[in-house]
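A.B. asks: In full-length UniProt numbering, the protein residues as written are 1 to 120.
By construction, the Cβ of each residue, glycine as well, lies at the ideal position given by its N, Cα and C atoms.
These numbers come from a predicted model, not from an experiment.
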Amino acid sequence: MTGCHIQKDRQQDTSKALSISSTELTFHKGRSQESCITAKMSLRKQTPSDFLKQIIGRPVVVKLNSGVDYRGVLACLDGYMNIAIEQTEEYVNGQLKNKYGDAFLRGNNVLYISTQKRKV
């Protein structure tokens, strides 16, 4: 029997309005306990603004609504999601098309921003 069990424990500190979640995920394959994988993680709430502040100076991928990816080092951004990137590479359909020193991307064209695993 294959199954997945998710158990959530939630504690809330109302004095600071901070919510902390602890999630335990257990996956059972067959009946033996040797094949049971347990992952436990504590989650801390983070706003998108917190995330964006943390990744300034790090390699990122910015995907535009058109499907074009820009990869480089995040220099800065503003409340409208206008983005300045250094050491920028432009990828169209996964193929490197251009390299720019610095690039400015208008916020209303941005689909998402993600961090890169490898150095740019």
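Relative to the C-alpha of Q116, which candidate in P59, F104, Q87 has its C-alpha closest?
C.D. replies: When only C-alpha atoms are compared, the closest one is P59.
A.B. asks: Taking Cβ to Cβ, would you say L64 is nearer than 7 Å to L111?
C.D. replies: Yes, these two residues count as a Cβ contact at 7 Å.
A.B. asks: Return the bridge partner residues of G107 from the DSSP annotation.
C.D. replies: BP columns for G107 are empty, so no partner.
A.B. asks: If I measure Cβ to Cβ from N82 and keep anything under 8 Å in the same chain, skipping five residues before and after, which residues do I get?
C.D. replies: For N82, where only same-chain residues beyond five positions count, the Cβ hits under 8 Å are F104, L105, R106, G107.
A.B. asks: For the UniProt domain "Sm" (47–119), list the beta strand (DSSP E) runs that are entirely contained and at least 3 residues long, ordered along the chain.
C.D. replies: Entirely contained in the UniProt domain "Sm" (47–119), the beta strand (DSSP E) runs reaching 3 residues are, in chain order, 59–64, 69–77, 83–92, 95–105, 110–115.
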